[in-house]
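Colleague: Dropping the structure in here first, questions after.
Residue numbers (our numbering): 2 to 194.
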């Protein structure tokens, strides 16, 4: 079910702004590498918009405790979750991005766990890198999931969330075309359980 958020467009808190500036500097260096191919792999979200959405969720749904970032790249969203006091995790398929995320989170002194693997649970596809096993958690252990799907994958992400997340969990997606969207998994009677 679509979830409306009361977004606060106040300036970013100083610690958040400083963390995002350091993250952007690392991301810029990564994109400047000679071997980088534009349009392939990691593409960053609008981190300020995502911060505002996550802060609204934490404010409006104080029972939110655990965040999972699908396709975490540099782990910036997981780091923002940690800044909000959430237990933060990320799953990223590319090993070099997992290393970069770990380095960035250490530099920012933020506690988040990023693992390599596919965020698609094993029951959807066989994958030798079962990220959920490495996390020691299942998808239904997370109150909040963030993803930046490719335009053609939005429905797939929602279906994975619908089938694997617990009732009451929230899926937040961001795209350049649609901006922030939030959905809450509810029972057939329209209520979270």
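Ideal Cβ placement from N, Cα and C applies to all residues, glycine included. Values in this document were obtained by computation on a predicted structure and should not be read as measured data.
I believe residue 139 touches residue 170 by the beta-carbon criterion, under 8 Å. Please report the beta-carbon distance rounded to the nearest angstrom.
Modeller: Here residue 139 corresponds to residue number 138 of the chain shown, with the count starting at 1. Here residue 170 corresponds to residue number 169 of the chain shown, with the count starting at 1. The pair is not a contact, with the Cβ atoms about 12 Å apart (cut-off 8 Å).
Colleague: Hey, is the region 144-156 in contact with the region 14-22, meaning 3+ C-beta pairs nearer than 8 Å?
Modeller: No, the region 144-156 does not touch the region 14-22.
Colleague: Determine the extent of the alpha helix (DSSP H) in which residue 56 is found, giving its start and end residues.
Modeller: As a first step, residue 56 must be located in the chain shown, where it is residue number 55. That run of the alpha helix (DSSP H) goes 48-61.
Colleague: I'd like to know whether the C-beta atoms of residue 57 and residue 7 end up nearer to each other than 8 Å.
Modeller: As a working note, residue 57 is residue 56 in the chain shown. As a working note, residue 7 is residue 6 in the chain shown. Yes, the Cβ-Cβ distance between residue 57 and residue 7 is below 8 Å.
Colleague: Would you please state the rounded distance, in angstroms, between the beta carbons of residue 114 and residue 136? I believe it to be under 8 Å.
Modeller: Walking along the chain shown from the start, residue 114 turns up at place 113. Walking along the chain shown from the start, residue 136 turns up at place 135. The Cβ separation is near 7 Å, so the contact holds.
Colleague: Just to confirm the assignment, what range does the alpha helix (DSSP H) spanning residue 88 have?
Modeller: Here residue 88 refers to the residue found at position 87 of the chain shown. Counting along the chain, residue 88 falls outside any alpha helix (DSSP H), though it belongs to the beta strand (DSSP E) covering 88-93.
Colleague: With distances taken between CB atoms, is the gap from residue 73 to residue 86 smaller than 8 Å?
Modeller: If you number the chain shown from 1, residue 73 lands on position 72. If you number the chain shown from 1, residue 86 lands on position 85. Their beta carbons are not under 8 Å apart, which means residue 73 does not touch residue 86 by this criterion.
Colleague: Closer than 8 Å by C-beta to residue 24: which residues in its own chain qualify, once you throw out the five before and the five after it? Chain order, please.
Modeller: Counting from 1 along the chain shown, the entry for residue 24 is found at position 23. Once the five neighbours on either side are set aside, the close Cβ partners of residue 24 are 48, 75, 77, 80, 105, 109.
Colleague: Going by Cα to Cα distance, which pick from 187, 180, 28 is closest to residue 53?
Modeller: The sequence position of residue 53 within the chain shown is 52, counting from 1. Checking every option, the nearest Cα to that of residue 53 belongs to 180.
Colleague: Since residue 185 is in the beta strand (DSSP E), which residue starts that stretch and which ends it?
Modeller: Position 184 of the chain shown holds residue 185. Counting along the chain, the beta strand (DSSP E) containing residue 185 begins and ends at 180-185.
Colleague: Measure the CB-CB distance between residue 71 and residue 32 and report whether it falls below 8 Å.
Modeller: Locating residue 71 in the chain shown gives position 70, counting from the first residue. Locating residue 32 in the chain shown gives position 31, counting from the first residue. Going by C-beta atoms, residue 71 is not nearer than 8 Å to residue 32.
Colleague: On the criterion of 16 or more Cβ atoms from any shown chain inside 10 Å, does residue 189 qualify as buried, or is it exposed?
Modeller: In the chain shown, counting from the first residue as 1, residue 189 sits at position 188. The residue in question, residue 189, is exposed, as its Cβ has fewer than 16 Cβ neighbours within 10 Å.
Colleague: Reducing DSSP to helix, strand and coil, say where residue 73 ends up.
Modeller: For the purposes of this step, residue 73 is identified with residue 72 of the chain shown, where counting begins at 1. It is coil, neither helix nor strand.
Colleague: What beta strand (DSSP E) runs, 3 residues minimum, are completely inside the region 96-144?
Modeller: The region 96-144 contains these whole beta strand (DSSP E) runs: 113-117.
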